[in-house]
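Heads up, the thing below is written out as structure tokens.
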Amino acid sequence: MRNPFLALVRAGTQTLTQSFPDLPTEATGLPTVTAASCRGCGACVAGCPTQAIVVAGDEVTLDRGRCLGCGQCVRCCPTGTLAEERATRTAVRTRAELLLSNHPGPRTPSAALPLLRRSLHVREVSTGDSAGDLEVIASTNAQFDVARFGVHFVASPRHADALLVTGPVGRGMREALLRCYAAMAEPRLVIAVGTDAISGGLFRGGYAEANGVPTDLPIAAYVPGAPPHPWSIIHGLLLAMGRD
Amino acid sequence: MTTLQPCAPALSHITVTPADLATQVTALLLQPGWRFGHLTARSLDARHTAIDVLLLDTQRGAVTCLTAPLADGQAEYPSLTAQLPAAHWAERAVGDLFGLRAVGHPRWKSMLLHNDRWPVDLFPLAGAAQATTPREPYRFLQVSGSGIHEIPVGPIHAGIIEPGHFRFSCVGEIITNLEIRLGYQHRGIEGRLTEVPWRQARYLAESASSDTAAGNALAHALAVEHLLGIAPPPRAAALRILALELERLANHIGDIGALSGDIGYSPGASLFPPLRGATLALAQTLTGNRRQRWFVQPGGVARDLDDARRRALLQGVQDLARRVTDHLPLVLEHAGVLERMDGVGRLSPTLARDFSIVGPAGRASGTGYDARVFSPAGAPPAAATRRIEGDVLARAQMRAEEIASSVAILTQTLDTLPDSPIQVALPATLPPDAVGVGVVEAWRGELLHWVTTNADGAIARYAIKDPSFNNWTGLAIAIRGNLVTDFPLCNKSFNLSYSGNDL
Ligand code: SF4
Ligand code: SF4
Chain A
90 MRNPFLALVR AGTQTLTQSF PDLPTEATGL PTVTAASCRG CGACVAGCPT QAIVVAGDEV
150 TLDRGRCLGC GQCVRCCPTG TLAEERATRT AVRTRAELLL SNHPGPRTPS AALPLLRRSL
210 HVREVSTGDS AGDLEVIAST NAQFDVARFG VHFVASPRHA DALLVTGPVG RGMREALLRC
270 YAAMAEPRLV IAVGTDAISG GLFRGGYAEA NGVPTDLPIA AYVPGAPPHP WSIIHGLLLA
330 MGRD
Chain B
-5 MTTLQPCAPA LSHITVTPAD LATQVTALLL QPGWRFGHLT ARSLDARHTA IDVLLLDTQR
55 GAVTCLTAPL ADGQAEYPSL TAQLPAAHWA ERAVGDLFGL RAVGHPRWKS MLLHNDRWPV
115 DLFPLAGAAQ ATTPREPYRF LQVSGSGIHE IPVGPIHAGI IEPGHFRFSC VGEIITNLEI
175 RLGYQHRGIE GRLTEVPWRQ ARYLAESASS DTAAGNALAH ALAVEHLLGI APPPRAAALR
235 ILALELERLA NHIGDIGALS GDIGYSPGAS LFPPLRGATL ALAQTLTGNR RQRWFVQPGG
295 VARDLDDARR RALLQGVQDL ARRVTDHLPL VLEHAGVLER MDGVGRLSPT LARDFSIVGP
355 AGRASGTGYD ARVFSPAGAP PAAATRRIEG DVLARAQMRA EEIASSVAIL TQTLDTLPDS
415 PIQVALPATL PPDAVGVGVV EAWRGELLHW VTTNADGAIA RYAIKDPSFN NWTGLAIAIR
475 GNLVTDFPLC NKSFNLSYSG NDL
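Next up, the structure:
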């Protein structure tokens, strides 16, 4: 077959019809904290490469903002207190919501943003990325097709409502990122995609000061994962628009 | 001063004086099959530093480290670049990270650390009491003459892509010089790798370049195994090949689509991304993650492949191969596509050799070097194909050929998966004063992880050489004399990593 138009017709519609499907069983999901009681063995804490877990007595606190989703803690937890999450709606509006605990405190849900509900123009800035970019690109392809939710990626910050940041923002990129934000018109918001952008992830604490998106920027949505799944990124975009 | 003990017969070590380093290296490189691997520096103690050069003997699968200790208080050494152009960025990186100046370097300037963002006297990998030479302000190469104008681009680019700065000097629409300035994403990975516990270093090592997780994880595993003198079980070795080749397949398929997009050929741009998606789904079946994260580890791999998933993978690879074979001629035999790619962005075989251009870009310019023939952990050595045209078309055709060879390697490996455990136990400590080198033909080409331990068995220096570190210069050369509007196409035909370069 040498006819491109025939090939296109034969390939058919690529767009996924079900939104936010659960991850398939062979995929490693982000960890979550279940009600199963913890015996305080500490195996999860010892094996975590980013110190994302704190265990005090029988209380387990997992910071998804630091978690890579490597699955190490789930594999070694003898009690099932740590388990894999299969859902792809993993984005949240506040940093506090990324802290999961088996003794959760009260939650105050953040107010939805009234503006920008129907359409969002996004300027993506990569700052030392570990594949978050690639999943942002994937969210724009024919399969995930984020455009159907009213989201468009634009070249100029002047055209953007939202600044989507991937990567841990080391010294080399901080100024460029802040200038990009300053060039955006109000109202504007920031979305942190990936564990690197949220906390610096693996790079946190090094001399490059790559500790994540500066916290004085108004972050409207956090998407955990290293990298997050394209559906989770789309979830973060919808959350930032106040639509989910 | 420490002495280095070879951990495997394939490693030899030579100590030279800085003054003799260039002569020794050039003499060794005259031997058939020898290539320059990398150059870096290493702190021996708080005051003393050495320049280290890694050479690869691709015929015997051996590595040679040359170490040139610098005298006390010495913050410079004679540059190798005049004799060995491929060392030019490596010497500049040593300047930034260690504060050591390569005297006689023809284009001496900073590389990773920019003066307006980093203190001029911060040399993050230098010893506490070591002599340093301060970083000078960065100056772009000035092209002069009538009608010359400059186009600055970046660090933030128009699309969803990593940051870096391109400075074009043009006459009208023709590019006469491109200077590439990177380093914006410097995250201090090499430094951090000497700080984290070595058993957890794999997470950081595999994050060196955003789209080469399997390649970096494998190079790290090989380097640590080389240090420890252990080998992974046969099944793990085979599963690693699957991860590496799936990564190659996904990226090459993605590049064919992206090249089509850059010339406005929409059938190619819309048919290939779903195929890339299908490849990522196979990667997820194998590793649990679309980007093959956290799978390859020292001593083996993190999870096994049961027979149901093995059969699903085999089926998936065959389906994918059928669709790719179907679609490739639509791009690479289309008259309009050939017209746009033929003769654009040509890199001559001589310059490709001099600057040590690696991977499909090197093979498109006649190098014939594929690190899979060197590394026992790679795939069975396929006869490295090569072209000599060195243009965008040749680089696209190399990808098409490698897609076919990756499919063959995947099919064969899945058909003959050996039965064995997937992990060997690792000792508690690393051997002291030892060197481990991991060489991998990642999808962009030769990727090196080079680890040196100190007398306490701690990692004293962890050096990573991404294929992009070689190939960015190839892009800068190839674009000369081309139209500004052909830059995106030429850039995509190399498709280099900024994060892997900046580290
Ligand atoms: S899955 Fe997350 S929390 Fe668990 S060990 Fe890995 S990084 Fe740590
Ligand atoms: S969560 Fe599981 S692994 Fe962690 S301390 Fe409790 S029982 Fe142990």
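Those sequence lines, one after another, are chains A and B. All residue numbers for the first sequence refer to the numbering used here, where the first residue is 90 and numbers rise by one. All residue numbers for the second sequence refer to the numbering used here, where the first residue is -5 and numbers rise by one. A virtual CB, placed ideally from N, CA and C, is assigned to each residue, including glycine. Only a predicted model underlies this, so the values are computations on that prediction, with no experimental measurement involved.
Burial state of residue i (16 or more Cβ within 10 Å)
i: E219/B; result: buried
i: Q391/B; result: buried
i: A373/B; result: For A373/B, the pLDDT reaches just 48, beneath the cut-off of 50, and the residue's location in the model is therefore unreliable, although a value from the coordinates is still provided. Burial call: buried.
i: L326/A; result: buried
i: A281/A; result: buried
i: M330/A; result: buried
i: I168/B; result: exposed
i: E327/B; result: exposed
i: D152/A; result: buried
i: T447/B; result: buried
i: V325/B; result: buried
i: Q179/B; result: buried
i: R260/A; result: buried
Which listed residue (the options) has its alpha carbon closest to that of residue i
i: P228/B; options: R242/B, R36/B, Y363/B and G293/B; result: G293/B
i: T126/B; options: G141/B, G89/B, V147/B and W102/B; result: G89/B
i: P63/B; options: G271/B, L243/B, T9/B and G148/B; result: T9/B
i: P323/B; options: R304/B, L119/B and A398/B; result: A398/B
i: P425/B; options: L326/B, L221/B, A470/B and A252/B; result: L221/B
i: G131/A; options: T123/A, E148/A and T117/A; result: E148/A
i: R268/A; options: V235/A, R153/A and P303/A; result: P303/A
i: N495/B; options: A208/B, S201/B and D249/B; result: S201/B
i: V225/A; options: A120/B, Y132/B, I154/B and I142/B; result: I154/B
i: I45/B; options: S493/B, E70/B, Y197/B and L280/B; result: E70/B
i: P526/B; options: M105/B, P128/B and H143/B; result: Residue coverage of chain B in this structure runs from -5 to 497, which leaves residue 526/B outside it and unanswerable.
i: F94/A; options: H321/B, A388/B and R175/B; result: H321/B
i: N485/B; options: S493/B, A470/B, P118/B and G432/B; result: A470/B
i: I416/B; options: G185/B, G93/B, Q18/B and D300/B; result: D300/B
i: I403/B; options: L236/B, P118/B and L212/B; result: L236/B
i: D313/B; options: L276/B, G282/B, R54/B and G27/B; result: L276/B
Straight-line Cα distance separating residue j from residue i
i: S6/B; j: A225/B; result: 19 Å
i: A263/B; j: D222/A; result: 19 Å
i: L171/A; j: C137/A; result: 12 Å
i: E173/A; j: L119/A; result: 6 Å
i: A371/B; j: E333/B; result: With a pLDDT of 45 at A371/B, under the threshold of 50, the predicted position of this residue should be treated as unreliable, and no value is reported.
i: L91/B; j: G182/B; result: 9 Å
i: S228/A; j: P319/A; result: 5 Å
i: R237/A; j: L307/B; result: 31 Å
i: T117/A; j: A199/B; result: 20 Å
i: L420/B; j: A123/B; result: 35 Å
i: L306/A; j: R247/A; result: 17 Å
i: P375/B; j: Y296/A; result: With a pLDDT of 47 at P375/B, under the threshold of 50, the predicted position of this residue should be treated as unreliable, though the coordinate-derived value follows. Their backbone Cα atoms lie some 41 Å apart in a straight line.
i: D409/B; j: R303/B; result: 13 Å
i: A271/A; j: M262/A; result: 14 Å
i: I257/B; j: L483/B; result: 7 Å
i: L48/B; j: H443/B; result: 11 Å
Contact belief for residue i with residue j at Cβ below 8 Å, rounded distance in angstroms
i: N210/B; j: W437/B; result: So it is not a contact: roughly 11 Å between Cβ atoms.
i: F242/A; j: E213/A; result: 6 Å
i: S204/B; j: S491/B; result: 7 Å
i: Q278/B; j: R284/B; result: 5 Å
i: E241/B; j: S215/A; result: The pair is not a contact, with the Cβ atoms about 20 Å apart (cut-off 8 Å).
i: S400/B; j: E239/B; result: 4 Å
i: P146/B; j: R161/B; result: 5 Å
Amino acids of chain A, ordered along the chain, whose beta-carbon sits closer than 9 Å to that of residue i
i: G158/B; result: Simply none; closest approach about 10 Å.
i: L212/B; result: Under the 9 Å cutoff, chain A gives no residues; its nearest Cβ is about 16 Å from L212/B.
Neighbour list for residue i in chain B, Cβ cutoff strictly below 7 Å
i: Q232/A; result: P268 and G271
i: E213/A; result: I154
i: E115/A; result: Q278, T279, G282 and R303
i: C269/A; result: I150
Proximal residues of chain B, C-beta to C-beta of residue i below 8 Å
i: A220/A; result: S204, D205, A207, R285 and R287
i: L157/A; result: Y197, R287 and W288
i: M262/A; result: P149, P157, Y178 and Q179
Interface residues of chain B facing residue i [CB-CB closer than 9 Å]
i: S288/A; result: By Cβ distance, chain B contributes nothing, its closest Cβ being about 13 Å from S288/A, past 9 Å.
Partners in chain A for residue i, counting only beta-carbon separations shorter than 8 Å
i: Q194/B; result: P138
i: L111/B; result: Correcting the residue identity first, residue 111/B is Arg in this sequence and not Leu. Near R111/B (Cβ distances below 8 Å), the residues of chain A are R260, G261, R263 and E264.
Contact set between residue i and chain A, taken where Cβ atoms lie within less than 7 Å
i: R186/B; result: F292 and G295
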